[in-house]
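With this note's numbering as the guide, the letters of the sequence shown map in order to residues -3 to 372. Note that beta-carbon positions come from the ideal geometry of N, C-alpha and C, so glycine has one too. These figures come from a predicted structure and were not determined experimentally. Written out below as structure tokens is the structure these notes cover.
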Amino acid sequence: MNDSRQLLRILQVNSLFSGGGTDNQTMDLAVGLQELGQSVTLAVGAGSRWEPLAKQLNGVEVETFPPKTALKSAMIHRLAGIVRTKNVQILHAHQGRDYWPGILAAKAACQGTRVVVTRHLMTRPRRLSRWLLLHMADVVAVSHAVETVLQRELHGPKHRLHQVYGGIDPDKFQAERTVAGKSLRQHLGWTEEDVAFGVVGVFNLPRGKGQLEFLEAAAQLHHRCPRARFALIGSGTMEEMLQERIGALGLASVTTMIAFTDDIAPVMNALDVVVHPAVGTEALGLVIWEALASAKPVIASRLNGIPEAFVEGEHGLLVPPADVPALTEAMWTLLQRPKLRLQFGCAGREHVCRHFSRAVQAARMMELYLKLYAPR
């Protein structure tokens, strides 16, 4: 293994930085690399929602660039200037829209900078990227499921395609557990005897993250056990539809809709079980790691990269996507077995700390960086 104590000058690029999973991964990676003693600069779109948060990161320099200009010329010019000024050795772009500006900026700077781009999606890359990306950059897939798609779709030298898992800061979730989680439960009127199931994620048309299927399962579970409670945490274009469905299913008295918050730890810790019933495509499911870091068991769809996030039967349960009866039975199993919930949750937290922490993510990525920037 390469020595991660070797100093590299690294530029992380994210033009959106508005608070999604990719943005969380970008920030955690930047901090993790800095904790390894690396020189890290985080470049974000000027005025992005998380720009103030970025500027609070200890030891990470923050630069901004105009994210929305014709042909992104101003962004390319600004990034090239940062690369030259800081003599950047690794430029790492995290959003698909930033791949080519990052590549062109590195080329324009003429510093021998290696470009790395991360693919966080299961979808097929655009035509230009399919044909040229591997010729211009090293590509990181966040899961083996994404890697399989890229192996099939990308043309070029496949040795430049790598699989590196992301990570989270587990301590952020554990520290909130005993205080904020209990406080939120009390605020929502949930007693210690109630068993609360929740879905955390955006709910945009047409199908969101499986919230409609979750509500169907919740209705069946509620008939079996009146002490079951349910929550939808997020925002999106399906809000009115979901509210109507909650009423139609007779769940209004036991279901809560909670607006998305950047500080998701108290919400996670208020729940007894986190459900991730994804129905579209899912590269991995960052919310699963956040749930496990909170020592909460998970129920998730057996879909794309989701099974890579945890071990079925040790940290939670997997069900077929959009299979309401199977989802209902999985929820019923965990509702009835509090000791199993505790067992899954404790083992899940240990799993995340060992394999998917911010420190582990940074070490894995640093190993790749050093491999790419080895003296030639």
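Beta-carbon separation (whole angstroms), Ala104 vs Ile72, contact threshold 8 Å: Taking the sequence shown and counting its residues from 1, the one referred to as residue 104 is at position 108. Taking the sequence shown and counting its residues from 1, the one referred to as residue 72 is at position 76. Between Ile72 and Ala104 the Cβ distance is about 7 Å, and since that is below 8 Å, they are a contact.
For His272, the first and last residue of its enclosing beta strand (DSSP E): Within the sequence shown, numbered from 1, the residue matching residue 272 stands at position 276. Element bounds for His272: Val269 to His272.
Simplified DSSP assignment, three categories, for Thr70: Residue 70 sits at position 74 when you count from the first residue of the sequence shown. According to the sequence as given, residue 70 is Ala; it is not Thr. Note: Ala70 maps to helix in three-state DSSP.
Residue burial classification, Arg345 (beta-carbon count within 10 angstroms, cutoff 16): Taking the sequence shown and counting its residues from 1, one reaches residue 345 at position 349. Per the 10 Å Cβ criterion, buried.
CB-CB length for Glu286 against Ile99, believed under 8 Å: What you label residue 286 is simply residue 290 of the sequence shown in a count that begins at 1. What you label residue 99 is simply residue 103 of the sequence shown in a count that begins at 1. About 32 Å; that fails the 8 Å criterion.
Local conformation of Met234 per DSSP, three classes: For the purposes of this step, residue 234 is taken as residue 238 along the sequence shown, with counting starting at 1. Collapsing the DSSP output to three states places Met234 in coil.
Beta-carbon proximity of Phe380 to Tyr161, cut-off 8 Å: Given a span of -3 to 372 for the chain in the structure shown, any question on residue 380 remains unanswerable.
Beta strand (DSSP E) runs wholly inside the segment 297 to 359, at least 3 long, in chain order: Listed in chain order, they are 312 to 315.
Cβ separation of Val136 and Thr114, assumed to be a contact under 8 Å, to the nearest whole Å: Mapped onto the sequence shown, residue 136 falls at position 140. Mapped onto the sequence shown, residue 114 falls at position 118. So it is a contact: roughly 4 Å between Cβ atoms.
Alpha carbon of Gly185 to alpha carbon of Val198, nearest angstrom: Counting from one through the sequence shown, the residue named residue 185 turns up at place 189. Counting from one through the sequence shown, the residue named residue 198 turns up at place 202. Straight-line measurement puts the Cα of Val198 at about 24 Å from the Cα of Gly185.
Whole alpha helix (DSSP H) elements within the segment 170 to 220, 4-residue minimum: Counting only runs of 4 or more, we get 178 to 184 and 207 to 220.
Burial state of Ser249, where buried means 16 or more other Cβ atoms lie within 10 Å: Taking the sequence shown and counting its residues from 1, one reaches residue 249 at position 253. Exposed: under 16 other Cβ atoms inside 10 Å.
Buried versus exposed, by CB contacts within 10 Å (16 or more), Val175: Here the question's residue 175 lines up with position 179 in the sequence shown. When all chains shown are included, Val175 counts as exposed.
Exposed unless 16 or more other CB atoms sit within 10 angstroms - verdict on Gly243: For the purposes of this step, residue 243 is taken as residue 247 along the sequence shown, with counting starting at 1. Gly243 is exposed by the Cβ-count criterion.
Residues near Ala274 in its chain [Cβ-Cβ closer than 6 Å; skip 5 each side]: In the sequence shown, counting from the first residue as 1, residue 274 sits at position 278. Answer for Ala274: Lys205, Gly206, Ser297 and Leu299, listed in chain order.
Ile284 versus His218: straight-line alpha-carbon distance, rounded: Locating residue 284 in the sequence shown gives position 288, where the first residue counts as 1. Locating residue 218 in the sequence shown gives position 222, where the first residue counts as 1. Each residue's alpha carbon lies about 24 Å from the other.
Spatial distance of Ala192 from Arg220 (CA atoms): Position 196 of the sequence shown, counted from the first residue, corresponds to residue 192. Position 224 of the sequence shown, counted from the first residue, corresponds to residue 220. When rounded, the distance between both Cα atoms is 14 Å.
Local Cβ density within 10 Å of Tyr215, reported as buried at 16 or more and exposed below that: In the sequence shown, the residue the question calls residue 215 occupies position 219. Sequence inspection shows Ala at residue 215; the Tyr mentioned does not correspond to that position. Ala215 should be labelled buried.
Beta carbon of His151 nearer than 8 Å to that of Leu130: Residue numbering aside, residue 151 sits at position 155 when the sequence shown is read from its first letter. Residue numbering aside, residue 130 sits at position 134 when the sequence shown is read from its first letter. Taking 8 Å as the cut-off, the beta carbon of His151 is found closer than this to the beta carbon of Leu130.
Proximal residues to Val320 (C-beta, below 7 Å), its chain only, five neighbours per side dropped: To locate residue 320, count along the sequence shown from 1; it is residue 324. Correct list, in chain order: Glu209, Glu212 and Ala213.
Residues bridged to Thr251 [DSSP beta-bridge criterion]: As a first step, residue 251 must be located in the sequence shown, where it is residue number 255. Beta bridge pairing from DSSP links Thr251 with Phe226.
Contacting residues, own chain, Cβ-Cβ under 7 Å from Met(-3) (five flanking each side not counted): For the purposes of this step, residue -3 is taken as the residue at position 1 of the sequence shown. Low confidence applies to Met(-3): its pLDDT is 46, below 50, so where it sits in the model is not reliable, and the reading given next is rough at best. If we look at Met(-3) and ignore the five residues flanking it on each side, its Cβ neighbours are Glu363.
Inter-residue Cα distance where the pair is Val271 and Val196: Position 275 of the sequence shown, counted from the first residue, corresponds to residue 271. Position 200 of the sequence shown, counted from the first residue, corresponds to residue 196. Cα to Cα, Val271 sits roughly 8 Å from Val196.
Three-way DSSP call (helix, strand, coil) for Ile99 in this model: Translated into the one-based positions of the sequence shown, residue 99 becomes position 103. If DSSP states are grouped into helix, strand and coil, Ile99 belongs with the helices.
Rounded C-alpha distance that separates Thr81 from Val56: The residue given as residue 81 occupies position 85 in the sequence shown. The residue given as residue 56 occupies position 60 in the sequence shown. Cα to Cα, Thr81 sits roughly 16 Å from Val56.
Cβ separation of Val9 and Leu117, assumed to be a contact under 8 Å, to the nearest whole Å: Taking the first residue of the sequence shown as 1, we reach residue 9 at position 13. Taking the first residue of the sequence shown as 1, we reach residue 117 at position 121. The C-beta separation of Val9 from Leu117 comes to about 17 Å, leaving the pair out of contact by the 8 Å criterion.
Cut-off 7 Å between Cβ atoms - residues of its own chain near Asp24, not counting five sequence neighbours on either side: Numbered from its first residue, the sequence shown carries residue 24 at position 28. Closer than 7 Å at the Cβ level, and outside the excluded window around Asp24, lie Gly163, Ile164, Asp165, Arg354 and Gln357.
Own chain residues within Cβ distance below 7 Å of Arg203, not counting five before or after: Numbered from its first residue, the sequence shown carries residue 203 at position 207. Contacts found: Val275 and Gly276.
Cutoff 7 Å; reference Leu288; Cβ partners in own chain excluding five residues on either side: The count along the sequence shown starts at 1 and reaches residue 288 at position 292. Shown here for Leu288: same chain residues with a beta carbon closer than 7 Å to its own, the five before and five after excluded, namely Val294, Phe306, His311, Gly344, Arg345, His347 and Val348 in chain order.
Opening and closing residue of the alpha helix (DSSP H) in which Asn20 lies: Residue 20 sits at position 24 when you count from the first residue of the sequence shown. Secondary structure note for Asn20: its alpha helix (DSSP H) is the uninterrupted segment Gly17 to Glu31.
When Met361, Leu267 and Ala141 are compared against Ala279, the one with the closest alpha-carbon: Residue mapping note: residue 279 aligns to position 283 of the sequence shown, counting from 1. It is Ala141.
Residue span of the beta strand (DSSP E) that contains Ala137, given as start and end: Residue numbering aside, residue 137 sits at position 141 when the sequence shown is read from its first letter. Element bounds for Ala137: Asp134 to Ala137.
Proximity winner among Gln85, Ala101 and Gln34, relative to Leu67 (alpha-carbon distances): Counting from 1 along the sequence shown, the entry for residue 67 is found at position 71. Comparing Cα positions, the closest option is Ala101.
Chain-order list of residues whose beta-carbon lies under 7 Å from that of Tyr369 (same chain, five-residue window excluded): Along the sequence shown, one-based indexing puts residue 369 at 373. Closer than 7 Å at Cβ, skipping near neighbours: Leu4, Gln85, Ile86 and Arg110.
Counted within 10 angstroms of its Cβ, other Cβ atoms place Ala255 as buried (16 or more) or exposed: Start at 1 with the first residue of the sequence shown, and residue 255 comes out as number 259. With fewer than 16 other Cβ atoms within 10 Å, it is exposed.
Ser374 and Ser14 closer than 8 Å at C-beta: No statement about residue 374 is possible, as the shown extent of the chain runs from -3 to 372 and does not include it.
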